[in-house]
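Chains as they are written, first to last, in the working numbering: chain A, 10 to 130; chain B, 416 to 858.
Data first, discussion second: the structure below is written as structure tokens.
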């Protein structure tokens with residue numbers, strides 16, 4: 010792990026702790042905790058998780074499916090429009106590698122609402 | 416800039432000065448009232464706003480909510496449980512975004528609890544005294560105005576209209592390959608009865624200079640990065656749209672106060688155009704002498720390609736124009752996707768709404784056989800310009816079994832809805848595929 014990644018993990022754990030407290034106060038129903046395991050497994054998962062949830066929820070990332078090139082464009086927007094500090098060199102590569110593998114282009118995945126009927130009832 | 420912490424080591428830096436460390440690692444600039452990560456998260460603000468009662472439920476009621484058909488992934492939708500809001504589908508909690516499933520949009524006038532939620536940033540705290548809320552109108556005007564909401568109500572004539580308010584990204588989830596952003600199905604739409612003053616009247620009071628060409632809107636929500644100098648969103652419109660009769664500065668909805676999360680106490684309603692022009696928590700309208708260049712105006716945000724691009728390829732921002740009128744769309748609202756109808760059902764009465772941005776809806780068609788045959792629906796007149804229209808249609812099916820009901824509308828200019836989202840663009844604007852629901856008719 011590079012020092013850069015180590016640093017990010019430390020800082021972002023604090024953010025998660027704060028967010029968790031809010032949920033504990035305000036929620037009675039169980040909710041998926043906002044932690045790295047909500048991202049698919051893969052090399053550098055935790056680091057990418059913490060970078061990408063510094064400002065917004067993981068949902069925004071998980072809902073997407075892009076090629077590596079398009080993920081690079083998305084990160085470009087994060088930097089240009091949203092104040093994300095630019096990732097460079099190896100850090101950028103690692104982040105893009107993870108995102109492209111974990112969240113590749115996907116189809117609409119139409120699921121018949123009746124498919125799991127017998128178990129749902 | 417990034418060098419600072421690489422040289423010194425982040426641990427050391429964080430201990431010395433958390434805010435600086437924060438800025439270096441995430442580029443996040445924190446305001447004087449915020450300290451680093453630990454405060455000012457969207458969720459905390461949201462909890463405060465609704466009185467701390469936001470339990471979430473990860474499970475969908477079986478057979479009730481459109482699952483992957485609507486949502487675009489295998490995961491069950493997260494259902495909102497929040498005072499003052501119906502069971503909307505949560506698309507994200509930071510920023511807080513939730514859509515209204517089509518079957519909750521059956522009312523002709525959308526009640527407050529069913530108005531969808533879209534934030535770009537962190538909402539402000541509720542105003543203690545709404546009547547003292549201030550709005551500034553400045554820029555290319557003869558006399559800049561600073562008005563409280565109380566003065567606004569006193570000085571200008573109130574108007575009330577039923578108005579469509581739709582997120583610019585509505586329908587995004589149907590793009591292939593996937594477009595970036597919130598994966599809306601068709602539920603980022605509302606048609607509530609808004610009360611306010613005409614923007615036109617206020618602009619006339621300020622006196623537009625001949626150099627005025629565009630508006631730029633600002634609200635009191637804050638950017639997710641915590642940078643106090645960066646608006647969460649700041650869009651605008653050409654003066655002609657601002658001067659329309661139905662473009663209003665709203666302070667009430669459905670006869671009462673606007674829900675805090677929907678922009679109380681003051682917001683714009685720019686009907687028929689992407690919802691991002693309808694600035695929430697409105698604090699300033701800057702009259703510009705050129706197209707506004709605020710957050711969300713440039714690049715490929717809220718824009719569509721002029722010449723169609725290869726889906727999934729790299730966008731050339733020069734080939735993009737601002738999305739103005741929203742496209743035509745129709746939804747079935749009286750039967751939820753995944754409903755099991757009564758055994759023996761052969762005749763089905765379908766009902767829903769259709770709207771078309773700045774235009775009106777000319778025709779609505781329904782099909783019970785995947786579009787092989789279509790039947791024309793009865794389409795009612797709009798309550799006023801920019802209100803959606805209600806349609807009704809009867810369908811019969813020949814047997815028991817699994818059916819899909821589809822709906823499509825055609826607007827007054829002859830444009831309709833397609834099977835596949837047209838004119839692909841990286842952030843997914845302008846998609847208007849037909850709405851479809853699946854039902855089961857047991858033997």
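Cβ coordinates follow ideal geometry from the N, Cα and C atoms, glycine included.
Beta-carbon gap between residue i and residue j smaller than 8 Å
i                      : j                      : result
residue 578 of chain B : residue 599 of chain B : no
residue 747 of chain B : residue 767 of chain B : yes
residue 667 of chain B : residue 684 of chain B : no
residue 830 of chain B : residue 745 of chain B : no
residue 650 of chain B : residue 717 of chain B : yes
residue 846 of chain B : residue 586 of chain B : yes
residue 134 of chain A : residue 105 of chain A : In the structure displayed, chain A extends from 10 to 130; residue 134 of chain A sits before or after that span and is not available.
residue 654 of chain B : residue 629 of chain B : yes
residue 793 of chain B : residue 807 of chain B : yes
residue 540 of chain B : residue 701 of chain B : no
residue 820 of chain B : residue 848 of chain B : no
residue 690 of chain B : residue 581 of chain B : yes
residue 596 of chain B : residue 611 of chain B : no
residue 530 of chain B : residue 674 of chain B : yes
residue 854 of chain B : residue 750 of chain B : yes
residue 826 of chain B : residue 776 of chain B : yes
residue 779 of chain B : residue 771 of chain B : no
residue 54 of chain A  : residue 107 of chain A : yes
residue 842 of chain B : residue 657 of chain B : no
residue 512 of chain B : residue 527 of chain B : no
residue 491 of chain B : residue 519 of chain B : no
Residue range of the beta strand (DSSP E) that includes residue i
i                      : result
residue 98 of chain A  : Not the beta strand (DSSP E): residue 98 of chain A falls in the alpha helix (DSSP H), residues 98-111.
residue 87 of chain A  : Premise fails: residue 87 of chain A lies in the alpha helix (DSSP H), 77-91, not in any beta strand (DSSP E).
residue 71 of chain A  : Where residue 71 of chain A is concerned, there is no enclosing beta strand (DSSP E), although the alpha helix (DSSP H) it sits in stretches over 68-71.
residue 615 of chain B : First-last for residue 615 of chain B: 614-621, but that is the alpha helix (DSSP H), not the beta strand (DSSP E).
residue 823 of chain B : 816-826
residue 654 of chain B : No beta strand (DSSP E) contains residue 654 of chain B, which is instead part of the alpha helix (DSSP H) from 654-657.
residue 778 of chain B : 776-782
residue 809 of chain B : 804-811
Residues bridged to residue i (per DSSP)
i                      : result
residue 532 of chain B : B/513
residue 562 of chain B : B/550
residue 720 of chain B : B/735
residue 839 of chain B : None; residue 839 of chain B has no bridge partner.
residue 684 of chain B : B/663
residue 701 of chain B : B/553, B/631
residue 507 of chain B : B/512
residue 850 of chain B : B/822
residue 856 of chain B : B/816
residue 580 of chain B : B/605
residue 646 of chain B : B/637
residue 673 of chain B : Answer is none; residue 673 of chain B lacks a bridge partner.
residue 575 of chain B : B/610
residue 500 of chain B : B/497
residue 794 of chain B : B/806
residue 689 of chain B : B/581
residue 65 of chain A  : Paired residue(s): none; residue 65 of chain A is not in a bridge.
residue 833 of chain B : B/848
Residue i classed as buried or exposed, judged by whether at least 16 other C-beta atoms fall within 10 angstroms
i                      : result
residue 817 of chain B : exposed
residue 588 of chain B : buried
residue 704 of chain B : exposed
residue 559 of chain B : exposed
residue 52 of chain A  : exposed
residue 633 of chain B : buried
residue 852 of chain B : buried
residue 764 of chain B : exposed
residue 647 of chain B : buried
residue 840 of chain B : buried
residue 460 of chain B : Here residue 460 of chain B scores only 31 on pLDDT, less than 50, and its place in the model is too uncertain to base an answer on.
residue 607 of chain B : buried
residue 67 of chain A  : buried
residue 721 of chain B : exposed
residue 681 of chain B : buried
residue 785 of chain B : exposed
residue 557 of chain B : exposed
residue 458 of chain B : Confidence at residue 458 of chain B is low in this model, with a pLDDT of 31, below 50, so its placement is unreliable and the value that follows should be read with caution. When all chains shown are included, residue 458 of chain B counts as buried.
residue 613 of chain B : buried
residue 564 of chain B : buried
residue 85 of chain A  : exposed
Residue range of the alpha helix (DSSP H) that includes residue i
i                      : result
residue 738 of chain B : It is not in any alpha helix (DSSP H) - residue 738 of chain B carries neither H nor E in the DSSP assignment.
residue 55 of chain A  : 54-61
Note down, one range per segment and in chain order, each alpha helix (DSSP H) of at least 4 residues found wholly within the stretch 740-765 of chain B.
-> Listed in chain order, there is nothing to give.
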